[in-house]
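Working notes for the structure below.
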């Protein structure tokens with residue numbers, strides 16, 4: 349079994365296209381992949397296929413892992429493996445959605461993203477239906493065809509800035525594995541943010557700074573910070589929808 353330092357060294361080599369290092373990591377972590385895919389058996393997918401899909405998630409974990417996450421690689425890899433399997437089951441599940449509905453769903457997501465970026469709030473179902481010239485029922489159906497638990501990242505609480513949190517922080521009953529996956533997906537998205545946006549999110553949710561304190565640090569008004577924060581979280585929601 350590889351120790352922590354050996355694993356980090358092999359990951360660094362694998363990220364630099366060392367095939368031997370990659371093969372060792374896959375071989376040594378095969379039991380980990382198998383332990384994750386067990387929970388997805390009896391879903392109409394052959395075990396060997398599940399293993400291959402899980403392995404794809406494992407390879408993505410290798411490529412995306414950053415030692416600055418300050419977690420063991422196995423802790424990071426588990427939700428990445430599970431996420432790859434979930435995406436496959438969603439896209440190849442028993443309930444098929446027509447291509448036209450999927451296309452409409454994608455277009456609606458883009459419209460919602462642009463609307464939020466411009467207005468700092470979500471459009472109503474009626475506004476979405478009017479934009480695409482469809483009924484509200486068809487709009488709801490298209491949106492639900494690709495529905496994801498985005499509400500976990502919605503801001504909740506009172507008007508006071510100190511009371512606002514993401515909903516996932518308030519739900520202790522969420523399954524631990526799913527929480528891990530959501531957390532690391534979120535870390536990857538935050539890592540890709542522009543410097544100012546990343547600073548706002550890190551200060552707000554990882555350093556427990558108030559909007560007023562962040563405004564003082566950035567040299568802007570509290571209102572500007574509030575608007576920027578809402579815009580960034582909305583953009584993260586849309587990207588999570590694409591990932592999940």
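Numbering (our numbering), first residue to last: 349 to 592.
Every residue, glycine too, gets a C-beta built ideally from N, C-alpha and C.
A contact is defined here as three or more CB-CB pairs under 8 Å, and the segment 458-468 meets this definition with respect to the segment 579-587. Between the beta-carbon of residue 456 and that of residue 425 there is about 33 Å, and that puts the pair past the 8 Å contact cut. With distances taken between CA atoms, residue 363 lies nearest to 407 out of 407, 579, 394. Between residue 433 and residue 388, the CB-CB gap stays under 7 Å.
One Cα belongs to residue 481, the other to residue 578, and the distance between them is close to 28 Å. Here residue 468 has 575, 578, 579 as same chain residues with Cβ atoms under 7 Å from its own Cβ, once five neighbours each way along the sequence are excluded. The shortest C-alpha to C-alpha distance from residue 409 to any of 422, 551, 398, 416 is the one to 422.
The criterion of a C-beta distance shorter than 7 Å is satisfied by residue 376 and residue 350.
In this structure, residue 477 lies away from residue 449, with their beta-carbon atoms at least 7 Å apart. Taking C-beta atoms as the reference points, residue 402 and residue 385 count as a pair closer than 7 Å. In the DSSP assignment, residue 461 falls within the unbroken alpha helix (DSSP H) covering 447-467. Nearest neighbour of residue 379 by Cα position, chosen from 399, 360, 369, turns out to be 399.
The segment 380-440 is shown to contain whole alpha helix (DSSP H) runs of 4 or more residues at 395-412, 421-439, in chain order. At a Cβ-Cβ threshold of 7 Å, residue 550 and residue 562 do not count as neighbours.
Residue burial annotation: residue 395 is exposed, with fewer than 16 other C-beta atoms found within 10 angstroms of its C-beta. In the displayed model, residue 376 falls within a helix according to three-state DSSP.
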